[in-house]
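Notes for the one structure printed next.
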Amino acid sequence: MSITITPAANERMRHFLAATPAAAGVRFGVRRTGCSGFAYVVDLAEAIGEGDRVVEVDGLPLIVNDKSLAMVEGTVIDFQRQGLNASFVFHNPNATGECGCGESFTIS
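With the UniProt record's numbering, the residue at position 97 of the sequence shown is 97, and numbering never jumps.
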């Protein structure tokens, strides 16, 4: 599996993990929602479940479930600050479209 995490995103994820030492890692995947069909999920994983894969990316445990795997393969995860806003930004080569607000995406 090939997922890239930029230094800014890595630092942000490590900050969250340091605040919750019992976490198994960072969960990354997708869920059905929004006007385009899918939205990204980035959260702390309390445990590793059946159907989860753990991938070490620059020493960071990234947990991806099997259902999301094909949709996030090749994604670059970045973290950006713009004024008062800060968020993860995803560059996914599998996405074929995005909604106008940028919150959801389509995969054909």
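Glycine included, C-beta positions come from ideal geometry on N, C-alpha and C.
Could you give the first and the last residue of the continuous alpha helix (DSSP H) run that contains residue i?
i	result
residue 84	Unbroken run through residue 84: none, as it is neither H nor E.
residue 50	Unbroken run through residue 50: none, as it is neither H nor E.
residue 92	Careful: residue 92 lies outside any alpha helix (DSSP H) and carries neither H nor E.
For residue i, which option in the options has the closest C-alpha, if you only look at C-alpha atoms?
i	options	result
residue 48	30, 41, 42, 26	26
residue 56	19, 104, 24	24
residue 107	72, 84, 81, 88	72
residue 86	9, 2, 1, 3	9
Going by beta-carbon coordinates alone, are residue i and residue j separated by less than 8 Å?
i	j	result
residue 40	residue 90	yes
residue 77	residue 33	no
residue 68	residue 29	yes
residue 12	residue 60	no
Assuming residue i is part of the beta strand (DSSP E), what are its boundary residues?
i	result
residue 61	60-65
residue 33	25-33
Per DSSP, what kind of secondary structure is residue i in: helix, strand or coil?
i	result
residue 73	coil
residue 112	No answer is possible for residue 112: the residues shown for the chain start at 1 and end at 108.
Please report whether the beta-carbon of residue i lies at a distance below 8 Å from any beta-carbon of chain D.
i	result
residue 92	Absent from the structure: chain D. Only one protein chain is present.
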